[in-house]
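Student: So for the sequence shown, full-length UniProt numbering puts the first residue at 1; every next one is plus one.
The C-beta atom is built at its ideal place from N, Cα and C for all residues, glycine as well.
Can you read through this structure? Questions will come right after.
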Amino acid sequence: MSYTLTQLAIYIRILIALFTRTFFQADEYFQSLEPAHKLVFGYGHLTWEWMISQPIRSIIYPALNVPIYYFLKVTGLSELGQLGDLLLLVCPQILHGGLAACTDIHLGKTARAILGSDYSSTAMFISLTSFFHALALSRSLSNSLETSLCTIAFSCYPWDAHSKLSVHLIYNRFLSSIFLANFLHQLCWYRSKLRKMILFSALACTIRPTNAVIWVYLYANLLWAVRNYHRISLLIIKDILIACSLSIAFLFTVDSLYYQTLTLTPFNFLKRNMSDVSLFYGANAWHYYITQAIPILCTTALPFTLHGMWTTATSKIVHNTPLRTMLATVIWTVGIYSLAGHKEWRFLHPILPLLHLFATQSLVDMGSSPRHLKKDTTPTASKPLSKGRMRNVPQTPTAIHRQFQLPNIPTGYLGLVLATVPLSLYVILFYCSGPISVSAYIQSIRKDQLNITTIGVLMPCHSIPGHAYIHREELAHGRMWSLGCEPPLNGENLSTYKDQTNVFFDSPSSYLRTYFPPHVNQSFPLSPFPASPPGVSSTPSVLSASGQFIHPWRHEWPTHLIFFGNLLHEEGILDTLARQGYKEVWKAGREWEGEGVRKGGARVWRWSA
Numbered sequence: 001m002s003y004t005l006t007q008l009a010i011y012i013r014i015l016i017a018l019f020t021r022t023f024f025q026a027d028e029y030f031q032s033l034e035p036a037h038k039l040v041f042g043y044g045h046l047t048w049e050w051m052i053s054q055p056i057r058s059i060i061y062p063a064l065n066v067p068i069y070y071f072l073k074v075t076g077l078s079e080l081g082q083l084g085d086l087l088l089l090v091c092p093q094i095l096h097g098g099l100a101a102c103t104d105i106h107l108g109k110t111a112r113a114i115l116g117s118d119y120s121s122t123a124m125f126i127s128l129t130s131f132f133h134a135l136a137l138s139r140s141l142s143n144s145l146e147t148s149l150c151t152i153a154f155s156c157y158p159w160d161a162h163s164k165l166s167v168h169l170i171y172n173r174f175l176s177s178i179f180l181a182n183f184l185h186q187l188c189w190y191r192s193k194l195r196k197m198i199l200f201s202a203l204a205c206t207i208r209p210t211n212a213v214i215w216v217y218l219y220a221n222l223l224w225a226v227r228n229y230h231r232i233s234l235l236i237i238k239d240i241l242i243a244c245s246l247s248i249a250f251l252f253t254v255d256s257l258y259y260q261t262l263t264l265t266p267f268n269f270l271k272r273n274m275s276d277v278s279l280f281y282g283a284n285a286w287h288y289y290i291t292q293a294i295p296i297l298c299t300t301a302l303p304f305t306l307h308g309m310w311t312t313a314t315s316k317i318v319h320n321t322p323l324r325t326m327l328a329t330v331i332w333t334v335g336i337y338s339l340a341g342h343k344e345w346r347f348l349h350p351i352l353p354l355l356h357l358f359a360t361q362s363l364v365d366m367g368s369s370p371r372h373l374k375k376d377t378t379p380t381a382s383k384p385l386s387k388g389r390m391r392n393v394p395q396t397p398t399a400i401h402r403q404f405q406l407p408n409i410p411t412g413y414l415g416l417v418l419a420t421v422p423l424s425l426y427v428i429l430f431y432c433s434g435p436i437s438v439s440a441y442i443q444s445i446r447k448d449q450l451n452i453t454t455i456g457v458l459m460p461c462h463s464i465p466g467h468a469y470i471h472r473e474e475l476a477h478g479r480m481w482s483l484g485c486e487p488p489l490n491g492e493n494l495s496t497y498k499d500q501t502n503v504f505f506d507s508p509s510s511y512l513r514t515y516f517p518p519h520v521n522q523s524f525p526l527s528p529f530p531a532s533p534p535g536v537s538s539t540p541s542v543l544s545a546s547g548q549f550i551h552p553w554r555h556e557w558p559t560h561l562i563f564f565g566n567l568l569h570e571e572g573i574l575d576t577l578a579r580q581g582y583k584e585v586w587k588a589g590r591e592w593e594g595e596g597v598r599k600g601g602a603r604v605w606r607w608s609a
């Protein structure tokens, strides 16, 4: 694989990370940066997953950001005004961008080992131009690091292993020749590759335990392939058990130290998600991953992915084991994940590199077919060109072919793959950028004003980044609040249960009348009970004057209100805000972006009466 392409992958991923200014998933902030920020600086918002008696989140993935924050804190760089704010933002982005590049680099290595050198650059090209990678891979999401670690492990997996292949030939894709005389040396080399695979697969499962679904199948396939070689099987099983034991012990130790009590987060996660809690965040049809997730993950590479999968499934070539194993892995993973009620695109992110390999095979093989080749009439001294002989020469060499060192792939096919690049730029730079930009507005409030500033966020929960982006300790202890979205943790009926966000958006005007005072208190005291504490279900328990049970939330009108512009279209909201003395002072984003109540761009209204 070209060193130039490796550098290009690192540059592209870091640049994407640095220029990403849009909202995708709240977990990017509240399950990664925010816990690390709170651990180092002592303040930040932890969600219910971290606060319940049996927490389901491990500190291991957020801990990647801890050395960065700690260095910025002890050197004082974090408090250097705008420079400090910038460093707190870009340093983690550089880290996660660099980790994301591992996916592209090791996909190229896998393609070279399994398909051949002509395929390596094409695989990296497809990966680097992937829409979903642009959207998610460089973000601080655990799925993104899971994808990178999984791809590294894929590059070490013996995809050609099968029961009819001699065990010392399993890695023939990695070696130029095999001699029985140095078999023991090769066996040690094989085991080192296996151990690297086991290490990175264990790390992937440590970051996201559900990644084990992929490796249960791949390890079972490998052990079945070497079942007749008992010593080799026992060595592999031994290494797997050691890696699993060390991973669980490490996870248990780190999380127990963090939570100050004995904690095994994967067990808690599994137990919690066997209840209805996961369905609170949405239930999807069984075919969701097939009809929605895979098309979105692959976008314009989907036709080539499907073609590659079809040719693999129908091929009669005997030595097609690697791709068939990959196809079986994809089918197994999608099938098992489809059994869960709650589904998201990003849950399939770790198998996207495998889907890209099928697209790679399709693109290169179709580009090498006779109808895509042109006659090369340039004679050579060593071998005269026979009449009608074809050579694999691009019909129209382009800058893309040269930059990515691509083999003969028709320009039209490349154009289809590249068609998503403008869309990628849009979702990185512009789409739903308002919720991110509002952090900069909050940071622009003068330091001497923060102690008399209160901010209320009337958005669906976790719609804007937390204190890891804002980094204003003055706002951390009640001066900035937002609507909660605590799930039914105590067995409440899922069909009737409503969190604070649901209650507010069912009738915003009614919520303001019920839970806010009739007039603004111009001393702007802190709200006594703006939201249910994380991990406490939102159950109405207070008897109102009208004889109805209401929730215990109690707000004071803040100096600033932040919400999506769509809220102004709700009945009575505009009149209420004007009557209380609020005026719009800032807005960002485009009104058509977002969905449902998240439309209208981000707005800031300030009391000024």
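Can you give me the C-alpha to C-alpha distance between residue 74 and residue 67, rounded to a whole angstrom?
Tutor: For the purposes of this step, residue 74 is identified with residue 74 of the sequence shown, where counting begins at 1. For the purposes of this step, residue 67 is identified with residue 67 of the sequence shown, where counting begins at 1. Straight-line Cα distance between these residues: approximately 10 Å.
Student: Considering Cα atoms alone, identify which of 103, 71, 259 is closest to residue 88.
Tutor: In the sequence shown, counting from the first residue as 1, residue 88 sits at position 88. Answer by Cα proximity: 71.
Student: Roughly how many whole angstroms lie between the Cα atoms of residue 102 and residue 497?
Tutor: Here residue 102 refers to the residue found at position 102 of the sequence shown. Here residue 497 refers to the residue found at position 497 of the sequence shown. For residue 102 and residue 497, the distance between alpha carbons rounds to 43 Å.
Student: Is it the case that the Cβ atoms of residue 297 and residue 132 are separated by a distance below 7 Å?
Tutor: If you number the sequence shown from 1, residue 297 lands on position 297. If you number the sequence shown from 1, residue 132 lands on position 132. Result yes, Cβ atoms of residue 297 and residue 132 sit closer than 7 Å.
Student: Where in the segment 283-333 do unbroken runs of the alpha helix (DSSP H), each at least 4 residues long, occur, reported from the N-terminal end onward?
Tutor: Here the runs fully enclosed are 294-298, 302-314.
Student: If residue 419 and residue 300 are in contact, beta carbons under 8 Å, what's the gap, nearest whole angstrom?
Tutor: Sequence index remark: in the sequence shown, residue 419 carries index 419 (1-based). Sequence index remark: in the sequence shown, residue 300 carries index 300 (1-based). Indeed, because the Cβ distance is near 5 Å, the residues count as touching under 8 Å.
Student: Are the Cβ atoms of residue 197 and residue 153 separated by less than 7 Å?
Tutor: Residue 197 sits at position 197 when you count from the first residue of the sequence shown. Residue 153 sits at position 153 when you count from the first residue of the sequence shown. Yes. Within cutoff.
Student: Can you tell me the Cβ-Cβ gap for residue 472 and residue 141, rounded? I've got them flagged as a contact below 8 Å.
Tutor: Here residue 472 refers to the residue found at position 472 of the sequence shown. Here residue 141 refers to the residue found at position 141 of the sequence shown. With 8 Å as the limit, residue 472 and residue 141 do not qualify as a contact, their Cβ atoms being about 25 Å apart.
Student: Which of the three DSSP states is assigned to residue 108 in this structure?
Tutor: Against the sequence shown, residue 108 aligns to sequence position 108. Three-state DSSP puts residue 108 in a helix.
Student: Start and end of the beta strand (DSSP E) containing residue 586?
Tutor: Translated into positions along the sequence shown, residue 586 becomes position 586. Unbroken beta strand (DSSP E) run through residue 586: 582-588.
Student: Can you check the segment 30-112 for any beta strand (DSSP E) of at least 3 residues that lies completely inside it and give the ranges in chain order?
Tutor: DSSP runs (the beta strand (DSSP E)) wholly in the segment 30-112: none.
Student: Could you check the C-alpha separation between residue 100 and residue 20 for me, to the nearest Å?
Tutor: Here the question's residue 100 lines up with position 100 in the sequence shown. Here the question's residue 20 lines up with position 20 in the sequence shown. Cα-Cα distance, rounded: 14 Å.
Student: Rounded to whole angstroms, what is the Cα-Cα separation between residue 62 and residue 13?
Tutor: Counting from 1 along the sequence shown, the entry for residue 62 is found at position 62. Counting from 1 along the sequence shown, the entry for residue 13 is found at position 13. If I take the Cα positions, the gap works out to 20 Å.
Student: For the segment 528-535 against the segment 569-579, do three or more pairs of beta-carbon atoms, one drawn from each stretch, fall closer than 8 Å, so that the two count as touching?
Tutor: Too few Cβ pairs lie closer than 8 Å, so no.
Student: DSSP state of residue 377, grouped into three classes?
Tutor: Working through the sequence shown from its first residue, we reach residue 377 at position 377. Reliability of the predicted coordinates at residue 377 is poor, the pLDDT of 40 falling under 50, and the value obtained from them is presented with this limitation in mind. Coil at residue 377, not helix or strand.
Student: Among residues of its own chain, excluding the 5 on either side of residue 332, which ones have a beta-carbon nearer than 7 Å to its beta-carbon?
Tutor: To locate residue 332, count along the sequence shown from 1; it is residue 332. For residue 332, where only same-chain residues beyond five positions count, the Cβ hits under 7 Å are 217.
Student: If you follow the alpha helix (DSSP H) that residue 605 is part of, which residue opens it and which one closes it?
Tutor: If you number the sequence shown from 1, residue 605 lands on position 605. That residue, residue 605, is in no alpha helix (DSSP H); its beta strand (DSSP E) goes 602-607.
Student: Take residue 479 and list the residues in its own chain whose beta-carbon comes closer than 6 Å to its own, dropping the five residues that flank it on each side.
Tutor: The sequence position of residue 479 within the sequence shown is 479, counting from 1. These residues qualify, in order along the chain: 454.
Student: Less than 8 Å between C-beta atoms, sequence neighbours within five positions excluded: which residues of the same chain meet that for residue 84?
Tutor: Working through the sequence shown from its first residue, we reach residue 84 at position 84. Closer than 8 Å at Cβ, skipping near neighbours: 72, 77, 78, 471.
Student: Are the CB atoms of residue 143 and residue 307 nearer to each other than 7 Å?
Tutor: Taking the first residue of the sequence shown as position 1, residue 143 is located at position 143. Taking the first residue of the sequence shown as position 1, residue 307 is located at position 307. No.
Student: In this structure, does DSSP put residue 523 in helix, strand or coil?
Tutor: Here residue 523 is taken as the residue at index 523 of the sequence shown, counted from 1. It is coil, neither helix nor strand.
Student: Just mark residue 549 as buried or exposed, buried being the case when its beta carbon has 16 or more other beta carbons within 10 Å.
Tutor: In the sequence shown, the residue the question calls residue 549 occupies position 549. Burial call: exposed.
Student: Going by C-alpha distance, which of 452, 26, 427 is nearest residue 477?
Tutor: As a working note, residue 477 is residue 477 in the sequence shown. For residue 477, the nearest C-alpha among the options comes from 452.
Student: Measuring CB to CB, does residue 69 end up less than 7 Å from residue 40?
Tutor: For this step, residue 69 is matched to residue 69 along the sequence shown. For this step, residue 40 is matched to residue 40 along the sequence shown. A contact, by the Cβ cut-off of 7 Å.
Student: Classify residue 208 as helix, strand or coil using the three-state DSSP reduction.
Tutor: Position 208 of the sequence shown holds residue 208. Coil at residue 208, not helix or strand.
Student: Checking the sheet assignment: what are the DSSP bridge partners for residue 597?
Tutor: Within the sequence shown, the letter at position 597 stands for residue 597. Partner(s): none; residue 597 has no beta bridge.
Student: Between the alpha carbons of residue 184 and residue 194, how many angstroms are there, rounded?
Tutor: Here residue 184 refers to the residue found at position 184 of the sequence shown. Here residue 194 refers to the residue found at position 194 of the sequence shown. Any reading at residue 184 must be qualified, since the residue scores a pLDDT of 49, below 50, and its modelled position is unreliable; the value itself is stated next. Rounded to whole angstroms, residue 184 to residue 194 spans 15 Å at the Cα level.
Student: Measuring alpha carbon to alpha carbon, tell me which of 558, 465, 537, 111 ends up nearest residue 29.
Tutor: Counting from one through the sequence shown, the residue named residue 29 turns up at place 29. Residue 29 has its Cα closest to that of 465, out of 558, 465, 537, 111.
Student: Spatial neighbours of residue 436 within its chain, please: C-beta separation below 7 Å, excluding the five flanking residues on both sides.
Tutor: Your numbering for residue 436 matches position 436 in the sequence shown. Excluding residues within five positions, the ones whose Cβ falls inside 7 Å are 21, 22, 23, 465.
Student: Where does residue 490 land, buried or exposed, given buried means 16+ other C-beta within 10 angstroms?
Tutor: Within the sequence shown, numbered from 1, the residue matching residue 490 stands at position 490. Exposed.
Student: Check each candidate in 226, 508, 575, 488 and name the one with the smallest Cα separation from residue 536.
Tutor: Position 536 of the sequence shown holds residue 536. Among 226, 508, 575, 488, the Cα nearest to that of residue 536 belongs to 488.
Student: Under the DSSP definition of a beta bridge, which residues are partnered with residue 197?
Tutor: Numbered from 1 along the sequence shown, position 197 holds the residue referred to as residue 197. Looking at the DSSP assignment, residue 197 forms no beta bridge with any residue, so it has no partner.
Student: Identify the continuous beta strand (DSSP E) that holds residue 456 and give its terminal residues.
Tutor: Numbered from 1 along the sequence shown, position 456 holds the residue referred to as residue 456. Residue 456 -> beta strand (DSSP E) spans 455-457.
Student: Between the Cα of residue 431 and those of 589, 361, 440, spot the shortest distance and give me the residue it belongs to.
Tutor: Stepping through the sequence shown from its first residue, residue 431 is reached at position 431. Measuring from the Cα of residue 431, the nearest candidate turns out to be 589.
Student: Who are residue 481's beta bridge partners in DSSP?
Tutor: On the sequence shown, position 481 is the one that residue 481 refers to. BP columns for residue 481 point to 456.
Student: Once DSSP output is grouped into helix, strand and coil, what is the label at residue 389?
Tutor: Residue numbering aside, residue 389 sits at position 389 when the sequence shown is read from its first letter. Its pLDDT being 34, under 50, residue 389 is placed unreliably by the model, and the measurement read from it follows with that caveat. Note: residue 389 maps to coil in three-state DSSP.
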